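Structure, as structure tokens:
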Amino acid sequence: MTTTIAERTRRIAERAARTTRTEPDATPLEQPTHREEVRRELAAYAARVRVTDLVREHGSPLFVLDVDRVTTQLLALRRELPGVQIHFATKSLPHPAVIRAVDAFGATFEVASRGEIDLLEREGVAIEQCLHTHPVKTVADITGAYLRGIRTFVVDSHSEVGKFRGLPADVAVLVRLSFPNPAVTCDLSSKFGVAPEEADALVAHCLRAGLRVAGFTFHVGSQTVSARPWMRAIHRTLGLMRRLEHAHGIRFDTLDIGGGFPIAYDEPVPAFADLARGIRSALAAAPSRYRILVEPGRFVSAPAMMLATRVVGTTERADGAWAYLDDGVYGAYSNIPSEQTHPLVFAAAELDAQPVREPERARVERRLRARRHRPVTLAGPTCDSLDVIARDMPLPTLRAGDLLVSPMMGAYTLATATGFNGFAPTPVVVVPA
Ligand SMILES: Cc1ncc(COP(=O)(O)O)c(C=O)c1O
Numbered sequence: 016m017t018t019t020i021a022e023r024t025r026r027i028a029e030r031a032a033r034t035t036r037t038e039p040d041a042t043p044l045e046q047p048t049h050r051e052e053v054r055r056e057l058a059a060y061a062a063r064v065r066v067t068d069l070v071r072e073h074g075s076p077l078f079v080l081d082v083d084r085v086t087t088q089l090l091a092l093r094r095e096l097p098g099v100q101i102h103f104a105t106k107s108l109p110h111p112a113v114i115r116a117v118d119a120f121g122a123t124f125e126v127a128s129r130g131e132i133d134l135l136e137r138e139g140v141a142i143e144q145c146l147h148t149h150p151v152k153t154v155a156d157i158t159g160a161y162l163r164g165i166r167t168f169v170v171d172s173h174s175e176v177g178k179f180r181g182l183p184a185d186v187a188v189l190v191r192l193s194f195p196n197p198a199v200t201c202d203l204s205s206k207f208g209v210a211p212e213e214a215d216a217l218v219a220h221c222l223r224a225g226l227r228v229a230g231f232t233f234h235v236g237s238q239t240v241s242a243r244p245w246m247r248a249i250h251r252t253l254g255l256m257r258r259l260e261h262a263h264g265i266r267f268d269t270l271d272i273g274g275g276f277p278i279a280y281d282e283p284v285p286a287f288a289d290l291a292r293g294i295r296s297a298l299a300a301a302p303s304r305y306r307i308l309v310e311p312g313r314f315v316s317a318p319a320m321m322l323a324t325r326v327v328g329t330t331e332r333a334d335g336a337w338a339y340l341d342d343g344v345y346g347a348y349s350n351i352p353s354e355q356t357h358p359l360v361f362a363a364a365e366l367d368a369q370p371v372r373e374p375e376r377a378r379v380e381r382r383l384r385a386r387r388h389r390p391v392t393l394a395g396p397t398c399d400s401l402d403v404i405a406r407d408m409p410l411p412t413l414r415a416g417d418l419l420v421s422p423m424m425g426a427y428t429l430a431t432a433t434g435f436n437g438f439a440p441t442p443v444v445v446v447p448a
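Per my numbering, the sequence shown starts with residue 16, numbered consecutively.
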């Protein structure tokens, strides 16, 4: 029997509501560490999707892509930021199954290239709903995107404006503002965006060129763990919009607050509900006629993929134990150099799902075994010394053939991997199948 998308979304929402309640086995005496909390959740999840069976069937390394998790994250965004239009950042995980899940949910997309539009078109996405966010494009990029349906583009410089000459009047632009955020490792404000105090001149230039300015966009930096940068940027942008509407006698209709919502890798991050509360309070000052847009990438895609890798070899070196894996920073772990993330790595042995009935002694022994950790350096397979995934990762003693698992591996991993040294791209298996 087939289930409708609506039924499936409702079931995922119910499951998410159940799992956000306090776990009954968390004792008040023993506060589990973040790693331990992630391990418990991953153990239950790995058992549910049968990660060892998947690796047996499909080989290693392997990405396990769970499209229901895409829906769970989109539900959280819709619940905490009601009325906000979601434009998934395609670049973070450009996989057809993810595109279909986002589209089926009723969200749309942010794109930055011809290749991303190709992917969305192949999956039957309504391109006219999408935003083209690249601030620097060729005339061919712009006309090609227009002919395929894109109507809203982004500009952040005078030189970009002339490239829209000759396009019909249904084209509009968002002006990208730059709000530096030195607190994040992925500050996106230096390469793109105009300073708010220079925005007036750019808007005036667009208007002189006959280009409609729909509003503004910004990105406060990827993996931003406080609402404050959004609140400051929203406050500043709304003030600017009010002033420019008055000065130029125009009406804006769009405020795009970008992506940047954080994910817990090796450290906890504030609950999304808390972050969203701050953002909602800042957005309350926006005129009701404004469409508010978000462009989440990592928040939607990171939880959707888990990575399974195998140990190829181990050795003791002067600085301690090393284990060499069949995937590394030029492959699935490309989020380490490109995004400065620190994914957790677990031995599959630490994740054995707890049998329903387990004698007390076996339970204690299993837990003790799993706790006997020692620091190990995890290296990838390429022949250069940059390919190090983690140093001093606490893991049980590893042997060649052991399976390792990393959660939260959907964002900027598959998308940024290279084929350096001849290693093939990490295959993806989609669950539920
Ligand atoms: C224009 C734009 N929007 C959205 C995103 C997604 O950001 P994040 O993955 O931090 O949500 C990016 C990331 O680079 C971006 O450049």
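We put the CB at the ideal spot given by N, CA and C, even for glycine.
Please read these numbers as outputs of a predicted model, since none were measured by experiment.
**Study point:** Buried versus exposed, by CB contacts within 10 Å (16 or more), residue 48
**Key:** Mapped onto the sequence shown, residue 48 falls at position 33. Classification for residue 48: exposed.
Check your understanding: By how many angstroms is the C-alpha of residue 323 removed from the C-alpha of residue 73?
Key -> As a working mapping, residue 73 is identified with position 58 in the sequence shown. As a working mapping, residue 323 is identified with position 308 in the sequence shown. Distance from the CA atom of residue 73 to the CA atom of residue 323, rounded to whole angstroms, is 11 Å.
Review point. Terminal residues of the continuous beta strand (DSSP E) containing residue 327?
Key: Within the sequence shown, numbered from 1, the residue matching residue 327 stands at position 312. Residue 327 -> beta strand (DSSP E) spans 320–332.
Practice item. Could you check the C-alpha separation between residue 144 and residue 62 for me, to the nearest Å? Key: Numbered from 1 along the sequence shown, position 129 holds the residue referred to as residue 144. Numbered from 1 along the sequence shown, position 47 holds the residue referred to as residue 62. Going by the C-alpha atoms only, they are around 39 Å apart.
Practice item. State the DSSP-derived secondary structure class of residue 88, mapped to helix, strand or coil. Key: Indexing the sequence shown from 1 puts residue 88 at position 73. Correct three-state label for residue 88: helix.
**Study point:** Close beta carbons around residue 421, own chain, < 6 Å, minus the five adjacent residues each side
**Key:** Sequence index remark: in the sequence shown, residue 421 carries index 406 (1-based). Cβ within range, chain order: 322, 358, 360.
Exercise for review: Report the residue ranges of all alpha helix (DSSP H) runs contained in full by the segment 61–142; include only those spanning at least 4 residues, in chain order.
Suggested key: 66–73, 82–95, 111–120, 129–137
Exercise for review: For the alpha helix (DSSP H) containing residue 246, list its first residue and its last residue.
Suggested key: Position 231 of the sequence shown, counted from the first residue, corresponds to residue 246. Note, residue 246: alpha helix (DSSP H), 243–263.
Exercise for review: Determine the extent of the beta strand (DSSP E) in which residue 230 is found, giving its start and end residues.
Suggested key: Your numbering for residue 230 matches position 215 in the sequence shown. Per DSSP, residue 230 belongs to the beta strand (DSSP E) from 227–232.
**Study point:** residue 105 and residue 138 closer than 8 Å at C-beta
**Key:** For the purposes of this step, residue 105 is identified with residue 90 of the sequence shown, where counting begins at 1. For the purposes of this step, residue 138 is identified with residue 123 of the sequence shown, where counting begins at 1. No, the Cβ-Cβ distance between residue 105 and residue 138 is not below 8 Å.
Practice item. Go through its chain and collect everything with a Cβ distance to residue 407's Cβ below 6 Å, but skip five positions before and after it. Key: Translated into the one-based positions of the sequence shown, residue 407 becomes position 392. Once the five neighbours on either side are set aside, the close Cβ partners of residue 407 are 390.
Review point. If residue 98 sits next to residue 307, beta carbons under 8 Å apart, how far is it from one beta carbon to the other, in whole angstroms?
Key: Position 83 of the sequence shown, counting from 1, holds the residue named residue 98. Position 292 of the sequence shown, counting from 1, holds the residue named residue 307. Contact flag correct, Cβ pair sits at about 7 Å.
Review point. For residue 409, does the three-state DSSP call read helix, strand or coil?
Key: By one-based count along the sequence shown, residue 409 stands at place 394. In the structure shown, residue 409 sits in a strand (DSSP, three-state: E or B).
Practice item. Look at the Cβ atom of residue 343, then the Cβ atom of residue 396, and state whether they are nearer than 8 Å. Key: Within the sequence shown, residue 343 is the residue found at index 328, counting from 1. Within the sequence shown, residue 396 is the residue found at index 381, counting from 1. In this structure, residue 396 lies closer than 8 Å to residue 343 by Cβ.
Point to revise | residue 340 - DSSP class collapsed to helix/strand/coil | key: Taking the first residue of the sequence shown as 1, we reach residue 340 at position 325. Looking at residue 340 - three-state DSSP - the assignment turns out to be strand.
Practice item. Note down, in chain order, each residue of its chain lying with its Cβ closer than 6 Å to the Cβ of residue 82, except the 5 sequence neighbours on either side. Key: The residue labelled residue 82 in the question sits at position 67 within the sequence shown. Here the set comprises 112, 116.
Exercise for review: Confirm the yes/no value for this check: CB of residue 148, any heavy atom of ligand 1, distance under 7 Å.
Suggested key: Within the sequence shown, the letter at position 133 stands for residue 148. Answer for residue 148: yes, Cβ within range of ligand 1.
Exercise for review: Using three-state DSSP, classify residue 189 as helix, strand or coil.
Suggested key: The residue labelled residue 189 in the question sits at position 174 within the sequence shown. Residue 189: strand per DSSP, three-state reduction.
Review point. Are the segment 262–269 and the segment 290–298 in contact at 8 Å, needing three or more beta carbon pairs?
Key: Between the segment 262–269 and the segment 290–298, the count of C-beta pairs closer than 8 Å stays below three; the two stretches do not touch.
Practice item. Give a single yes or no on whether residue 314 has its beta carbon closer than 7 Å to a heavy atom of ligand 1. Key: Taking the first residue of the sequence shown as 1, we reach residue 314 at position 299. Indeed, a heavy atom of ligand 1 lies less than 7 Å from the Cβ.
Practice item. Sort 200, 234, 122, 189 by Cα distance to residue 350 and report the nearest one. Key: Locating residue 350 in the sequence shown gives position 335, where the first residue counts as 1. Comparing Cα positions, the closest option is 200.
Exercise for review: For the alpha helix (DSSP H) containing residue 351, list its first residue and its last residue.
Suggested key: Taking the sequence shown and counting its residues from 1, the one referred to as residue 351 is at position 336. For residue 351, the enclosing alpha helix (DSSP H) starts and ends at 350–354.
Practice item. Could you tell me if residue 206 is buried or exposed, where buried requires 16 or more neighbouring beta carbons within 10 angstroms of its beta carbon? Key: Taking the sequence shown and counting its residues from 1, one reaches residue 206 at position 191. That one is exposed.
Practice item. Quick one: grab the DSSP three-state call for residue 403. Key: For this step, residue 403 is matched to residue 388 along the sequence shown. Three-state result, residue 403: strand.
Review point. When DSSP labels each residue in this structure, what does residue 360 get in the three-state scheme?
Key: Position 345 of the sequence shown, counted from the start, is the residue given in the question as residue 360. The answer is coil: DSSP assigns residue 360 none of H, G, I, E or B.
Review point. Taking 7 Å as the cut-off, is the CB of residue 237 close to at least one heavy atom of ligand 1?
Key: In the sequence shown, residue 237 corresponds to position 222, counting from 1. Yes - ligand 1 has a heavy atom lying nearer than 7 Å to the Cβ of residue 237.
**Study point:** residue 188 to residue 253 span [Cα, whole Å]
**Key:** The residue you call residue 188 lines up with position 173 of the sequence shown. The residue you call residue 253 lines up with position 238 of the sequence shown. Roughly 17 Å between the two C-alpha positions.
Practice item. Return helix, strand or coil for residue 53, following the three-state DSSP convention. Key: On the sequence shown, residue 53 is found 38 positions in, with the first residue counted as 1. Note: residue 53 maps to helix in three-state DSSP.
Practice item. For residue 429, name the three-state secondary structure that DSSP assigns. Key: Here residue 429 corresponds to residue number 414 of the sequence shown, with the count starting at 1. In this structure, residue 429 counts as coil in the three-state DSSP scheme.
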